[in-house]
Amino acid sequence: VSNFPAYYEKISIGIHTMQNQANDNNIQIGNDSIVKTLESLSLTLAQTTKSIFVTITSIFGGLFSLLVVLVITFYLTVEENALKYFIKFLTPLKYRVYAMDLINRMQSKIGLWLRGQLLLSIIVGILVYAGLLLFGVKYALLLALVAAILEIIPYLGPWISGIIAVFIAFSDGSIIKVLLVAFWYLLVQQAENNIIVPKLMGRMVGLNPIIVIMAIIIGFKLGGVIGGMLGVPVAAAIAVYLADVIKEKKGEKINQPETENME
Numbered sequence: 155v156s157n158f159p160a161y162y163e164k165i166s167i168g169i170h171t172m173q174n175q176a177n178d179n180n181i182q183i184g185n186d187s188i189v190k191t192l193e194s195l196s197l198t199l200a201q202t203t204k205s206i207f208v209t210i211t212s213i214f215g216g217l218f219s220l221l222v223v224l225v226i227t228f229y230l231t232v233e234e235n236a237l238k239y240f241i242k243f244l245t246p247l248k249y250r251v252y253a254m255d256l257i258n259r260m261q262s263k264i265g266l267w268l269r270g271q272l273l274l275s276i277i278v279g280i281l282v283y284a285g286l287l288l289f290g291v292k293y294a295l296l297l298a299l300v301a302a303i304l305e306i307i308p309y310l311g312p313w314i315s316g317i318i319a320v321f322i323a324f325s326d327g328s329i330i331k332v333l334l335v336a337f338w339y340l341l342v343q344q345a346e347n348n349i350i351v352p353k354l355m356g357r358m359v360g361l362n363p364i365i366v367i368m369a370i371i372i373g374f375k376l377g378g379v380i381g382g383m384l385g386v387p388v389a390a391a392i393a394v395y396l397a398d399v400i401k402e403k404k405g406e407k408i409n410q411p412e413t414e415n416m417e
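All residue numbers for the sequence shown refer to my numbering, where the first residue is 155 and numbers rise by one.
Here it is in structure tokens:
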């Protein structure tokens, strides 16, 4: 952020350099046209500043909400006794053993999802770092860390990290580098959405890759960013219960732990 004025100056120099190169090649670009274009751009930026501020505020608000959700989810996954006593209090004695066993299995699924999400962030961070390092982009490690952290935000996270990286690449004044960085982020995102997430999450939480994709899309449509993030663990929890319902319909016995093990 402190280097933003330097980046802006580099971009301005880059525009003048491209204009000089165009003039050297007998490509006429009028100064008036550039001035008018820049003035129009400045006016547009001024008009959208307020909306951008609101958007940024919403993003950080969403990040805070995501952090709260992750902390609560981690607590419920690790701290078994608190949830166990809560379920005991709410559940009638007749269904208590099954309910607590169901919660234990759901906890296991959510724990696997958390591990999968962490592994996904690490994979994306490594891929981004490798590409940026290959293209010679400054702050490659920092940008890779940003990409890994923002990976917890479905859809929006990869786009935000990609825009930041493209801006840093553009500050170097190389259009080729900008195109390479943009292409690499799009490639990583496509690989993530179509290969890594379905395979990784499907294997970690035991869901079909198609179900994983549908869970993320439906969650995002119903609950926005938080809904998209919680789509997979909620689907996994529902799948655990539905598996028991199907077994009961088929007349199969549902394995339940002994009552004394639940105390």
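Using N, Cα and C, we set each Cβ at its ideal position, and we do this for glycine too. Note that the coordinates shown come from a computational prediction; the quantities given were computed from them, not determined experimentally.
For residue i versus residue j, is the C-beta distance shorter than 9 Å?
i: Ala391; j: Lys242; result: no
i: Phe145; j: Ala345; result: The chain is shown from 155 up to 417; residue 145 falls before or after that span and cannot be answered.
i: Gly378; j: Ile371; result: no
i: Gly360; j: Tyr339; result: no
i: Gly270; j: Leu354; result: yes
i: Ile367; j: Val388; result: no
i: Gly385; j: Ala397; result: no
i: Lys292; j: Asp326; result: yes
Do residue i and the ligand FAD come close, with the Cβ less than 8 Å from some heavy atom?
i: Val388; result: Among the components of this structure there are no ligands whatsoever, and the ligand FAD is therefore not found.
Excluding the five sequence neighbours on either side, which residues of its own chain have a C-beta within less than 8 Å of the C-beta of residue i, listed in chain order?
i: Gly405; result: none
i: Val394; result: Leu256, Arg259, Met260 and Lys263
i: Ile181; result: Residue confidence for Ile181 is low, a pLDDT of 49 falling below 50, so the modelled location carries little weight and cannot support an answer.
Can you give me the Cβ contacts of residue i inside the same chain, cut-off strictly under 6 Å, excluding the 5 residues immediately before and after it?
i: Gln343; result: Pro312
i: Ala319; result: Leu297 and Val335
i: Met358; result: Leu266 and Gly270
i: Ile154; result: Outside the displayed range of the chain (155 to 417) lies residue 154, so it cannot be described from this structure.
i: Glu417; result: With a pLDDT of 46 at Glu417, under the threshold of 50, the modelled position of this residue cannot be trusted; read the value that follows with caution. For Glu417, where only same-chain residues beyond five positions count, there are no Cβ hits under 6 Å.
i: Ile349; result: none
Near residue i, which residues of its chain fall below 7 Å by C-beta distance, leaving aside the five closest residues on each side in sequence?
i: Val332; result: Val320, Ala323 and Phe324
i: Gly279; result: Ala298, Leu299, Ala301 and Ala302
i: Phe337; result: none
i: Ile365; result: Ala389
i: Phe207; result: In this prediction, Phe207 scores a pLDDT of 48, lower than 50, which makes its location untrustworthy; the coordinate-derived value is nonetheless stated afterwards. Around Phe207: no qualifying Cβ.
i: Leu295; result: Tyr283
i: Thr245; result: Ala253
i: Leu135; result: In the structure displayed, the chain extends from 155 to 417; residue 135 sits before or after that span and is not available.
i: Thr203; result: Here Thr203 scores only 47 on pLDDT, less than 50, and its place in the model is too uncertain to base an answer on.
Task: Segment contact flag, the region 246-258 with the region 277-289, C-beta cutoff 8 Å, min 3 pairs - done: no
- [ ] Could you tell me whether the region 270-278 touches the region 297-312, where touching means 3 or more Cβ pairs closer than 8 Å?
- [x] yes
Task: Any alpha helix (DSSP H) of 4 or more consecutive residues that is wholly inside the region 258-304 - done: 294-304
Task: 4 or more residues per run - each alpha helix (DSSP H) lying fully within the region 316-404 - done: 329-345, 351-359 and 363-403
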